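Each residue of the sequence shown is one higher than the one before, counting from 239 in our numbering.
Glycine included, C-beta positions come from ideal geometry on N, C-alpha and C.
On a predicted model such as this, the values are computed, not experimentally measured, just so you know.
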Amino acid sequence: MKWSYATHYVCDDCSASFEMRRALNTCPACGGLLEVQYDLDAMKAELKPELFDGREGSMWRWHEFYPLRSGDHVISLGEGGTPLVRSIHAGPLLGLSQLYFKNDTLMPTGSFKDRGFSLAVSFAKELGITEGLTYSSGNAGSSFAAYGSRAGIRTTVLVEYLANPVKRSMISLYGARTAILHFREMNEITSMLERGVRELGLYQFVNFINPVRHEAMKSYAYELSQQFGWEAPDVVVQPVGTGGGIWGAWKGFRELKELGWISSLPRMVAVQPEATGPIVRAFRQGLTSAGSYGDSTRTIAQSMAGNSPIQGGRRVLKAMYDSHGFGELVTDEQILEAMAWLGREGISAEPASAATLAAVAIAVREGRIAPDERIVCVITGSALKQPSAIEKAAAGTSLQLNANFEELSRLLASL
Ligand SMILES: [Zn+2]
239 MKWSYATHYV CDDCSASFEM RRALNTCPAC GGLLEVQYDL DAMKAELKPE
289 LFDGREGSMW RWHEFYPLRS GDHVISLGEG GTPLVRSIHA GPLLGLSQLY
339 FKNDTLMPTG SFKDRGFSLA VSFAKELGIT EGLTYSSGNA GSSFAAYGSR
389 AGIRTTVLVE YLANPVKRSM ISLYGARTAI LHFREMNEIT SMLERGVREL
439 GLYQFVNFIN PVRHEAMKSY AYELSQQFGW EAPDVVVQPV GTGGGIWGAW
489 KGFRELKELG WISSLPRMVA VQPEATGPIV RAFRQGLTSA GSYGDSTRTI
539 AQSMAGNSPI QGGRRVLKAM YDSHGFGELV TDEQILEAMA WLGREGISAE
589 PASAATLAAV AIAVREGRIA PDERIVCVIT GSALKQPSAI EKAAAGTSLQ
639 LNANFEELSR LLASL
């Protein structure tokens with residue numbers, strides 16, 4: 239049994255192969271995105287699901303499925319292994335008997351990005367990389383800074399000017415050099431970064447340009463399948479910015495199916511804001527690549543406000559088509575309502591995460607989800623990092639009371 243069954247990279251576009259000990263971002267031959275390949279035949283022969291049932295709870299219990307060569311350089315803060323919470327309010331209200339929330343608000347820095355950065359930073363450490371760059375709408379920057387600092391890697395984070403002050407400050411708190419990034423169109427950022435790879439050779443941690451970050455998102459598939467007794471859910475609903483989460487999860491489910499550990503695959507559902515939503519719009523037009531659409535400043539869902547996906551969102555679109563999934567666009571009003579619903583479930587979800595529940599409500603109404611299906615909303619980030627959204631979602635009135643018993647009893651009687 240090996241520590242990892244990763245074998246090499248293959249380019250999405252030109253199919254060239256590259257060995258994994260090189261510090262690569264995109265394909266040196268054509269600039270395409272690189273995908274890690276695994277020796278699934280050997281995994282099938284040597285591994286069994288029961289092996290993983292007895293291991294400790296973090297996402298590192300699945301290390302055979304990641305590209306790290308050994309455990310010597312793992313940087314872990316206990317990421318992954320988050321609770322799967324069954325809905326007791328929203329599900330019944332929507333007529334759904336099996337609605338679940340995968341609660342990644344409980345991650346070390348408060349978002350699902352910790353899965354990707356625990357892996358990508360550990361991998362970079364193993365390669366001897368000492369300096370790295372990413373850009374962020376907030377959550378990824380915090381995560382990169384936290385793991386990078388622990389690894390002794392110098393981190394630079396370009397944080398979008400749209401990110402709220404709490405998210406910006408957390409990135410600095412965790413020890414990154416930060417710059418507020420100003421732009422008119424999101425594609426200015428991607429072309430700047432792609433040129434940075436070619437001309438500066440600085441190792442980047444941007445989703446997909448970094449070829450290993452999304453490998454950690456495969457852990458959603460492993461954890462969910464294990465939590466359901468080695469069965470896949472029917473539907474997995476995820477907020478989509480660049481789409482590392484949904485693409486990684488889909489890859490993980492495909493691996494488990496190929497290993498014979500699960501018998502079916504879920505439909506993958508991408509959720510984006512009505513104000514932008516380039517990938518969902520492209521999907522609805524039957525396109526395999528998305529352009530720019532909409533205005534990123536016009537949605538409360540900052541973590542998925544991007545209006546111009548990396549490499550046209552082709553991987554996300556492929557996951558949606560191949561899984562017979564679909565996409566939903568949600569408004570701020572629907573998101574705030576879903577945040578309040580999730581509060582009653584005991585979960586404080588940031589707007590982009592609450593959007594998954596808003597999307598489920600739409601999909602039920604429009605007949606894309608059946609009442610008895612097993613549905614998982616991935617709650618990717620905590621609302622605590624976007625306090626202004628909490629205030630909006632919790633719009634309930636504050637009652638006034640003087641510290642006086644008679645007033646208290648009158649108040650309680652009036653409620
Ligand atoms: Zn290539």
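Which of helix, strand or coil DSSP assigns to residue i
i      : result
Tyr559 : helix
Ser620 : strand
Gly565 : strand
Ala596 : helix
Ala587 : strand
Phe350 : coil
Leu466 : Residue identity check: residue 466 is Phe in the sequence provided, not Leu. Phe466 falls in the coil class under three-state DSSP.
Ser255 : strand
Asn545 : coil
Asn263 : coil
Lys363 : helix
Asp291 : helix
Gly550 : helix
Thr526 : coil
Arg492 : helix
Trp499 : coil
Gly483 : helix
Ala632 : coil
Ser296 : coil
Ala239 : In the sequence on display, residue 239 carries Met and not Ala. Of the three classes helix, strand and coil, the one that applies to Met239 here is coil, per DSSP.
Ile312 : Strictly speaking, residue 312 in this sequence is Val, with Ile absent from that position. If DSSP states are grouped into helix, strand and coil, Val312 belongs with coil.
Opposing strand residues paired with residue i [DSSP bridges]
i      : result
His246 : Gln275
Met577 : Its beta-bridge partners do not exist; DSSP assigns none.
Gln442 : Leu371
Tyr338 : Arg324, Val614
Leu344 : None, per the DSSP bridge assignment.
Arg505 : Val473
Leu398 : Contrary to the premise, residue 398 reads as Glu rather than Leu in this sequence. Answer is Leu419, bridged to Glu398.
Arg392 : Glu369
Gln510 : Leu567
Asn642 : None, per the DSSP bridge assignment.
Asn377 : Paired residue(s): none; Asn377 is not in a bridge.
Asn448 : Asn445
Closer than 7 angstroms: residue i CB and nearest ligand 2 heavy atom
i      : result
Leu322 : What this structure holds is ligand 1, not ligand 2.
Inset, instruction - Could you tell me whether the region 398–413 touches the region 302–319, using the rule of 3 or more Cβ pairs below 8 angstroms? - result: Short answer: they don't touch.
Inset, instruction - With ligand 1 as the reference, list in chain order each residue whose Cβ lies under 6 angstroms from any of its heavy atoms. - result: Listed along the chain, these residues meet the criterion: Cys249, Asp251, Cys252, Ala254, Cys265, Ala267, Cys268, Gly270.
Inset, instruction - Please determine if the region 295–312 and the region 323–332 are in contact, where contact requires at least 3 C-beta pairs separated by less than 8 angstroms. - result: Using a Cβ-Cβ distance cut-off of 8 angstroms, the region 295–312 and the region 323–332 are not in contact, since fewer than three pairs of beta carbons, one from each stretch, lie closer than that value.
Inset, instruction - Taking 8 angstroms as the threshold, find out whether the region 384–399 comes into contact with the region 637–648 through three or more Cβ pairs. - result: Flag = no, the region 384–399 and the region 637–648 do not touch.
Legend entry - Contact between the region 543–559 and the region 605–615 (3+ Cβ pairs under 8 angstroms): In short, these stretches do not touch, since the Cβ pair count stays below three.
Inset, instruction - Please confirm if the region 332–344 is in contact with the region 612–623, defined as three or more CB-CB distances below 8 angstroms between the two stretches. - result: Under the 8 angstroms Cβ criterion, the region 332–344 counts as touching the region 612–623, having at least three qualifying pairs.
Inset, instruction - Would you be able to state if there are at least three C-beta pairs under 8 angstroms between the region 462–476 and the region 507–518? - result: Counting Cβ pairs under 8 angstroms, three or more are found: they touch.
Inset, instruction - Count the C-beta pairs between the region 431–446 and the region 462–473 that are closer than 8 angstroms, then say yes if the count reaches three, no if not. - result: Fewer than three pairs of CB atoms, one per stretch, sit closer than 8 angstroms, so the region 431–446 makes no contact with the region 462–473.
Inset, instruction - Count the CB pairs spanning the region 452–465 and the region 366–386 that are closer than 8 angstroms, and state whether there are at least three. - result: No, the region 452–465 does not touch the region 366–386.
Inset, instruction - Evaluate the contact criterion for the region 413–426 versus the region 244–256: three or more CB pairs, one atom per stretch, below 8 angstroms. - result: Not touching, per the Cβ criterion.
Inset, instruction - Indicate whether the contact test is met: 3 or more Cβ pairs, each with one atom in the region 585–599 and one in the region 617–630, closer than 8 angstroms. - result: Output reads yes: the region 617–630 touches the region 585–599.
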